[in-house]
Structures are given as structure tokens and as C-alpha cells.
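Enquirer: One structure coming up, written as C-alpha cells, with questions to follow.
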Amino acid sequence: MELSELTPILLQGAWITLKILCLSLPVAGALAFIAGLTRLFAPTPLRQMARVYIEFFRGTSALIQLYWIYFVLPFFGLNLDAMTASVIALGLNIGAYGAEVVRGSVLAVPKGQYEAAVALNFTPWSRLWRIILPQSLINMIPPFGNLAIELMKATSLVSLITIGDLTYKAKTLADATLQVGEIFGLVLLIYFVMAQAMAFLFRWLEARLGRGLDRGGLRS
Amino acid sequence: MIELDWDWDFTWEVLPDLLNAAQITLLATLLGSLLAIGVGLALSLLRRSPSRWISWPVYWVVEFVRSTPLLVQIFFLYYVMPEFGVSLSPMTTGVLALGAHYGAYLSEVFRSGIDGVEKGQWEAARALNLSQFITYRDIVLPQALRAMIPATGNYIIAMFKETPQLSAITLLEMLQTAKILGSENFRYLEPFTLVGLLYLAFSIVAALGVHQIERRFPKEGFSLR
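Chains A and B supply the protein sequences, listed in that same order. Under the numbering used here, think of the first position of the first sequence as 1, with each following residue one higher. Under the numbering used here, think of the first position of the second sequence as 1001, with each following residue one higher.
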């Protein structure tokens, strides 16, 4: 097969990859904030639960989590289609890593900021929402960018539960045409371009959201 | 309807097989991390080369390997190498892929560790007329090691958690074994759960180990000779 015939098929796969990425990123982001903030501020039993979630999903591997959700949950009467299972598994996995990022960034806000907010009689909620989070958010962007790229790379795992993503298309095309070199080379290149685009996006986001800090002279 | 019917007989039946497979997983991790440390060290030194003709390509190779999925790299090695007349076993392929992938990550760790060594140390070594090799082996690396240990340990644990991907090229590590046992008995609950728990146990132990090494490590480093 010519390269011009292979490319459209691979791009179809890349589109599925992108779709899974776009669906699981918000899941991971939401879980990161929920678990990260719960681990910091919630009452003890909830805090312990958040901790168990974080440790469990960081301590086992993503592929096993995916298999467990896809193959084992049906034993509990919960049948998920491959797409839903993938989004849930990837979201849960990266969300656990993200929770540690949220926790670290919130803890990195100088203590004086908490004290000032208390002194000014802010309620606990507005203390978090108006003082702490806006400052920690900017610190979260670079590590979140890295995690988003990790998530993009992890989407390749869904090919192992028969979703037709980029990796799956590469594998089936390679098996059919035996042009393994061109196909896998091209696929690696597509992943690389996606990762570079994401890195660029997050760098832009960091610069854009950091403007307030520059104006206030809080960032060199 | 949610009901948990855990089959203990089946558990005891599959556990020995899974523990046997754990040896393969651990072997792949061990060889993979040794290779990764070597590759990482070489890449980090090349990256520091004064010639842009060396440092620039190395930068992009590292960037490329780091930002593409390990699974595709595994497939690449497994299917493309035979085109060049080199057929590799799943184990060899796996070790090479893990070594290359994490070598790229580790090269960044080593680079920042080496950059963290005070400039005066380099200048003193130069003033004492020590060769480049001696400077690295006896002066720079021993001091840089302490900063490198936690991150290196974490990457090795991360590598361990990515070994299940080698099941895609039929290496009989834990996950692949669990999958076969599951499909033979039409029961995935016990094998997959056990594999998950084994991974959890191993990574907790490994994390404690890294923490211990970090704590016990002498601040001034130790001699590499």
C-alpha cells in the first residue's frame, strides 16, 4: 500500500485517540481536584477514602486497571462498553496522579496567604476559592501538562481491549500489509506531533494565565 | 444486582502460576532498569557535549522517545527489527523497549543531577588537572548521585508498573498469565484482582525501599571506585 493510502486510515485511528483523550481529560481533571482537595480539607473518613483511591490507582498499573474495569466488572453485573471502560480507567488512573499535583500546589501557597485570609474574616470556602486556588492553579499547569501528555500516551492501551485507536489501526494494518517499518514509524510520528502540540498549548496557557503574576511583580 | 462471589479454591489454584509469572515481571524490570540507567547516563553525557551536532540530535531523540507511547515502541521493536534480520524474543524486545523508554526519562534526571553539582567542583577538578573521565567518576557523579536517587527510584517503579504492556507481545508476565488463566476458566475476577494486588504490594515495598536508600545515603555521596 502507498503511504497516501495508509495515512487516511491511520488518521481515522488518531481521531479515535483524540476522542478518548478529550473524554478522559475532564474526568481525570475533575477527579484530581475532588480527590486532591478532599485529601487536604475534608473530614477524616473522607480524607482516608481519597487517600486510598490515590494510593491504589498510583500503585497498580494502568493496563491492569483497564482490564479489571473491562473484564471483571461484568462479574458484578456492570457491563461497560469498551469506550466507557477506557474513559473511566484512564480518568481514574491519571486523576490519582493529578490529585497529588493539586495537593502539592495547594500546599506550596505561602502560609501567610492563609493567615491573611483568616485575619480578613474570609469564610473557609471563599478562602479556598478566592485566595488559595487562584494562586496554586498557576503552579499546577506545568505538571498537569505533563500528565495530559502521559494520558495521551496511555490511550494507546485501549487498543488492547479492541478499540480502533491509532495503535490498534497500526497493528491491524501492519498485520495485513507487513509494511511494519513505514506504519509504526508514521504512527510514532503522529503521537510525537500530538505530544508536541499539547506541550505547546500548556506552555501558552501558563504564560497567558501567569500575566497577573507578572503585572503584580510576583514572578521573575 | 451486585454480589461478590469470590472463589477461594480458584484463587489458590491460580496463585502459584501468578507468582511464577511475577518472576518474569521482576526480571524484565531488573534488566530494563539496568539498561535504562546505562542508556540514561550515556544520553545525559552526550547531551552535555559542547558540540551542537551532538547535543541537539540527542535532545530530539530523548524528546521523541519520551513523548510516544511505550506500547507502540514495543510493537515497533518487535515487528520492525526482524525486517533488518534481527529476530528478538519477547523478553529481549521488552527489556530493550523498557530500557530505551526509561533511559530517555532517566537522562533528564541525570542531567539535572549533574547540573546541580556546584560549579566550583568542576573548576577545582580542572585546576588539579584531572581528566574528564576522572572528574566525572570521582568528583561529579558521587555528588550528583544523592539528588538522582529518589527520581530514579520512582521511574524504576513506574517502569515496573508498565511491564504489563509486554503482554501485548505475548511475554508470559503476570498480566498475560492472568489473562490466559481467566480465559481458560471463564473467570477473570480472581486472576486480575490478584495481579492488581500483587502490583500494589510490590510497588509499596519498592517505594519504601527507595525511601530507605534515600535516607541512608551519605550526604557527600560515595566513591564509585
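Think of the CB as a built atom: it goes at the ideal place given N, C-alpha and C, for glycine as much as any other residue.
Considering only residues of the stretch 25–64 of chain A, which uninterrupted alpha helix (DSSP H) runs meet the minimum length of 4 residues and lie entirely inside it, listed in chain order?
Expert: Fully enclosed alpha helix (DSSP H) runs of 4 or longer: 44–59.
Enquirer: Taking a cut of 7 Å between CB atoms, which residues from the stretch 1194–1213 of chain B lie near chain A?
Expert: The residues in question are 1195, 1196, 1199, 1200, 1203, 1204.
Enquirer: Taking C-beta to C-beta, are residue 90(A) and residue 155(A) nearer than 9 Å?
Expert: Yes, these two residues count as a Cβ contact at 9 Å.
Enquirer: How about the stretch 1136–1155 of chain B and the stretch 1113–1124 of chain B: do they share at least three Cβ pairs that are nearer than 8 Å?
Expert: Flag = yes, the stretch 1136–1155 of chain B and the stretch 1113–1124 of chain B touch.
Enquirer: What do you reckon, are the CB atoms on residue 1067(B) and residue 1159(B) nearer than 9 Å?
Expert: No; because the gap between Cβ atoms is not below 9 Å, this pair is not in contact.
Enquirer: Can you tell me which of the three DSSP states residue 1067(B) falls into?
Expert: Residue 1067(B): coil per DSSP, three-state reduction.
Enquirer: Should residue 55(A) be flagged as near chain B, meaning a C-beta pair shorter than 9 Å?
Expert: It does: the Cβ of residue 55(A) has a partner Cβ on chain B nearer than 9 Å.
Enquirer: I'd like the span of the alpha helix (DSSP H) that includes residue 1085(B), first residue to last.
Expert: That residue, residue 1085(B), is in no alpha helix (DSSP H); it is neither H nor E in DSSP.
Enquirer: Just to make sure I have the definition right: I need the residues of chain B whose C-beta is within less than 7 Å of the C-beta of residue 171(A). Which are they?
Expert: The contacting residues are 1075.
Enquirer: For residue 36(A), which residues from the same chain have a beta carbon less than 6 Å from its beta carbon, with the 5 sequence-adjacent residues on both sides left out?
Expert: Excluding sequence neighbours, residue 36(A) sits near 99, 102, 103.
Enquirer: List, in order along the chain, the chain A residues whose C-beta lies closer than 9 Å to that of residue 1153(B)?
Expert: Neighbours of residue 1153(B) on chain A: none; closest Cβ ~14 Å, over 9 Å.
Enquirer: State whether the stretch 56–73 of chain A contacts the stretch 1186–1193 of chain B, with contact taken as three or more CB pairs (one from each stretch) at a distance under 8 Å.
Expert: Yes, since at least three Cβ pairs between the stretch 56–73 of chain A and the stretch 1186–1193 of chain B fall closer than 8 Å, the two stretches touch.
Enquirer: Check distances from the C-beta atoms of the stretch 151–167 of chain A to those of chain D and list, in chain order, the residues that come in under 7 Å.
Expert: This model lacks chain D altogether; the protein chains it does include are A and B.
Enquirer: Could you check the C-alpha separation between residue 1213(B) and residue 1027(B) for me, to the nearest Å?
Expert: Near 21 Å, if we compare the C-alpha coordinates of residue 1027(B) and residue 1213(B).
Enquirer: Given residue 143(A), which residues of its chain have a CB within under 7 Å of its CB, disregarding the five upstream and five downstream residues?
Expert: 101, listed in sequence order.
Enquirer: Determine the direct distance from the alpha carbon of residue 1071(B) to that of residue 13(A), and round the result to whole angstroms.
Expert: If you take the alpha carbons of residue 13(A) and residue 1071(B), they lie about 15 Å apart.
Enquirer: Between the alpha carbons of residue 1092(B) and residue 1086(B), how many angstroms are there, rounded?
Expert: Their Cα atoms are separated by approximately 11 Å.
Enquirer: With distances taken from CA atoms, which of 6(A), 9(A), 18(A), 5(A) is nearest residue 193(A)?
Expert: It is 18(A).
Enquirer: Give the interface partners of residue 181(A) over in chain B, defined as CB-CB distance under 7 Å, in chain order.
Expert: The contacting residues are 1080, 1083.
Enquirer: If we ignore side chains and look at the alpha-carbon of each, how far apart do residue 88(A) and residue 78(A) end up?
Expert: Spanning the two alpha carbons is a distance of roughly 13 Å.
Enquirer: Quick check on the burial criterion: 16 or more other C-beta atoms within 10 angstroms. Buried or exposed for residue 1119(B)?
Expert: Residue 1119(B) is exposed by the Cβ-count criterion.
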